[in-house]
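Peer 1: Pasting in a structure now, in structure tokens, and then I'll have a few things to ask.
Residue numbers (this note's numbering): 165 to 339.
Printed below as a string of structure tokens:
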């Protein structure tokens, strides 16, 4: 849930000056009812079916179901429409639309391997494969070209790729 966006907007008012993140996650104080879609797709379906007034979900999780109908991708004011022939849970929602009120870039979480379970050799082998040009970075089934008709795991517009990082970097980035 984009709590910071909601808090920044509403804590400027007298009525919600002491609004907290917890207030947004619970029914009653700010939202009459808070529901969870269980998946990004489920949250979008709740919104489209008018079970929710607002919803938070990842745009890449919806790429295979919707297309841009108006505006600029992933910017406030953009309108998306459920595609004809979209798979479940959107199969009966073709033509339904929703709009973006706020977009927050979220970087992908790291892939993490447990060396004590897998062993150092397997972890090294996985790192080499994930960071490879031929097998992964230039594999169009993994990093799909930006202009491709089909969606995929990740889109590639420049030099997107996986890189090996040390645990220290991960720990610092979380703080």
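Just so you know, even glycine gets a beta-carbon here, dropped at the ideal spot from N, CA and C. Every value quoted in this text rests on a predicted model; they were computed, and no experiment measured them.
When you compare only the Cα positions, how much space is there between residue 190 and residue 219?
Peer 2: Looking at the two C-alpha atoms, the distance is approximately 14 Å.
Peer 1: Using CA coordinates, which residue listed in 263, 207, 205 is at the minimum distance from residue 236?
Peer 2: Residue 236 has its Cα closest to that of 263, out of 263, 207, 205.
Peer 1: In chain order, which alpha helix (DSSP H) runs of at least 4 residues are fully inside the stretch 191-235?
Peer 2: 204-212, all fully within the stretch 191-235.
Peer 1: Grab the span of the beta strand (DSSP E) containing residue 308 for me, first residue to last.
Peer 2: Segment 307-309, the beta strand (DSSP E) holding residue 308.
Peer 1: Should the stretch 198-215 be called in touch with the stretch 254-262, which here means at least 3 C-beta pairs below 8 Å?
Peer 2: The stretch 198-215 is in contact with the stretch 254-262.
Peer 1: With DSSP as the reference, identify every bridge partner of residue 291, one or two as the case may be.
Peer 2: Paired residue(s): none; residue 291 is not in a bridge.
Peer 1: How far does the alpha helix (DSSP H) with residue 174 in it reach, from first residue to last?
Peer 2: 167-174 is the extent of the alpha helix (DSSP H) around residue 174.
Peer 1: Would you give the residue range spanned by the beta strand (DSSP E) that residue 319 belongs to?
Peer 2: Unbroken beta strand (DSSP E) run through residue 319: 318-320.
Peer 1: For the beta strand (DSSP E) holding residue 245, just list the boundary residues, first then last.
Peer 2: Element bounds for residue 245: 243-246.
Peer 1: Using CA coordinates, which residue listed in 265, 203, 308 is at the minimum distance from residue 169?
Peer 2: Here the closest residue by C-alpha is 265.
Peer 1: For residue 226, does the count of other Cβ atoms within 10 angstroms reach 16, so buried, or fall short, so exposed?
Peer 2: Residue 226 comes out buried.
Peer 1: Per the DSSP calculation, residue 263 is bridged to which residue(s)?
Peer 2: Per DSSP, 243.
Peer 1: State the start and end residues of the unbroken alpha helix (DSSP H) segment that holds residue 280.
Peer 2: Its alpha helix (DSSP H) spans residues 279-282.
Peer 1: By DSSP, does residue 301 sit in helix, in strand, or in coil?
Peer 2: Reduced to three states, the DSSP call for residue 301 is helix.
Peer 1: Mapping DSSP to helix, strand and coil, what is residue 258?
Peer 2: DSSP places residue 258 in coil when its eight states are reduced to three.
Peer 1: Leaving out five residues on either side along the sequence, give the residues of the same chain with a beta carbon under 7 Å from the beta carbon of residue 163.
Peer 2: There is simply no residue 163 to check, as the chain begins at 165 and stops at 339 in what is shown.
Peer 1: Less than 7 Å between the C-beta atoms of residue 188 and residue 167, yes or no?
Peer 2: Cβ atoms of residue 188 and residue 167: closer than 7 Å.
Peer 1: List the endpoints of the continuous alpha helix (DSSP H) containing residue 186.
Peer 2: From DSSP, the alpha helix (DSSP H) with residue 186 extends over 185-189.
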